[in-house]
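Asks: There's a structure below that I have some questions on.
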Amino acid sequence: MDIETSTCISVEHLQLLQSLSETYTMPIRTIVSSMISFAAESNTLPPKTFTRLTYRKRGTQWKRLHLVLFADEYEFFMDIRKVWKMSLAKVIAFCLDNVLDQFLRFLNSKIEEDDYYVDSYRYRNYSFEFFREENIQTGRFYWGIHPDIIRKTKHKPRKTLIF
């Protein structure tokens with residue numbers, strides 16, 4: 000299921016994304032999603048707590064950016080908003096201003112390694128759990144394969160079928 004959303008970004012950032020889209024023959028949504036994922040995995044920003052969501056600065060020329068996201072990708076974006084306390088527009092602007100060079104070096108290295116492909120399943124292992132721990136309601140979000148699944152598959156003996 001795809002989820003449609005829109006946000007406003009500066010004209011300069013939109014032009015930059017359009018240029019990157021042409022250069023790498025990738026849809027803008029893939030560039031945005033990959034860059035945000037890269038920033039999150041690089042621990043670019045520490046989580047912020049006990050503060051309000053922040054928004055982009057006013058007074059700039061804005062253009063609407065329409066994005067069609069996978070459902071799990073959308074949930075990941077909502078988590079990033081929650082963890083970094085930024086609107087999606089501000090997350091995109093932050094990544095373009097602070098992470099783009101490092102992201103492009105990473106992307107170019109993958110192209111050189113011939114490991115360049117569009118991964119439509121980046122967030123498919125996204126999961127979360129809610130439980131009580133010492134009478135405290137707790138939630139955990141996993142942006143990858145759940146550790147219990149990894150442990151179970153590493154230690155699980157294989158069964159041989161005999162016909």
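Residues in the sequence shown are numbered from 0 upward in steps of one, following numbering that gives the first Met the number 0.
Don't be surprised by glycine CBs; every beta carbon is placed ideally from N, CA and C.
If you drop the 5 nearest sequence neighbours on each side, which residues of the same chain put their C-beta closer than 8 Å to that of Ile30?
Replies: If you number the sequence shown from 1, residue 30 lands on position 31. Closer than 8 Å at Cβ, skipping near neighbours: Leu16, Leu19, Ser20, Tyr23.
Asks: If Tyr54 and Ser86 are in contact, beta carbons under 8 Å, what's the gap, nearest whole angstrom?
Replies: For the purposes of this step, residue 54 is taken as residue 55 along the sequence shown, with counting starting at 1. For the purposes of this step, residue 86 is taken as residue 87 along the sequence shown, with counting starting at 1. Going by Cβ atoms, the distance from Tyr54 to Ser86 rounds to 5 Å, so yes, they are a contact pair.
Asks: Just the Cα atoms here: how many angstroms apart are Val90 and Ile35?
Replies: Along the sequence shown, read from residue 1 onward, the residue named residue 90 stands at position 91. Along the sequence shown, read from residue 1 onward, the residue named residue 35 stands at position 36. Taking the straight line joining both Cα atoms gives about 8 Å.
Asks: Using the Cα positions of Phe102 and Thr48, report the straight-line distance between them to the nearest angstrom.
Replies: Within the sequence shown, numbered from 1, the residue matching residue 102 stands at position 103. Within the sequence shown, numbered from 1, the residue matching residue 48 stands at position 49. Looking at the two C-alpha atoms, the distance is approximately 26 Å.
Asks: Use the C-beta contact count for Thr137: other C-beta atoms within 10 angstroms, 16 or more gives buried, fewer gives exposed.
Replies: As a working note, residue 137 is residue 138 in the sequence shown. It is exposed - the Cβ of Thr137 has fewer than 16 other Cβ atoms within 10 Å.
Asks: So, at 8 Å on beta carbons, what are the nonlocal neighbours of Cys7 in its own chain, with the 5 sequence-adjacent residues on each side left out?
Replies: By 1-based counting over the sequence shown, the position of residue 7 is 8. Hits under 8 Å: Arg55, Trp61, Lys62, Arg63, Leu64, Ala88.
Asks: Does the beta-carbon of Lys81 have 16 or more other beta-carbons within 10 angstroms, so that it is buried, or is it exposed?
Replies: The count along the sequence shown starts at 1 and reaches residue 81 at position 82. So Lys81 counts as exposed.
Asks: Whose C-beta lies closer than 6 Å to the C-beta of His145 among residues of the same chain, with five residues either side of it excluded?
Replies: Counted from its first residue, the sequence shown places residue 145 at position 146. Closer than 6 Å at Cβ, skipping near neighbours: Ser126.
Asks: Determine the closest residue to Glu11 out of Ile110, Asp96, Phe105, Arg150, with distance taken between C-alpha atoms.
Replies: Mapped onto the sequence shown, residue 11 falls at position 12. Checking every option, the nearest Cα to that of Glu11 belongs to Asp96.
Asks: According to the Cβ coordinates, are Leu68 and Thr4 closer than 8 Å?
Replies: Here residue 68 is taken as the residue at index 69 of the sequence shown, counted from 1. Here residue 4 is taken as the residue at index 5 of the sequence shown, counted from 1. Yes, Cβ-Cβ distance for Leu68 and Thr4 is below 8 Å.
Asks: Take Phe129 and list the residues in its own chain whose beta-carbon comes closer than 6 Å to its own, dropping the five residues that flank it on each side.
Replies: Taking the first residue of the sequence shown as 1, we reach residue 129 at position 130. Here the set comprises Gly138.
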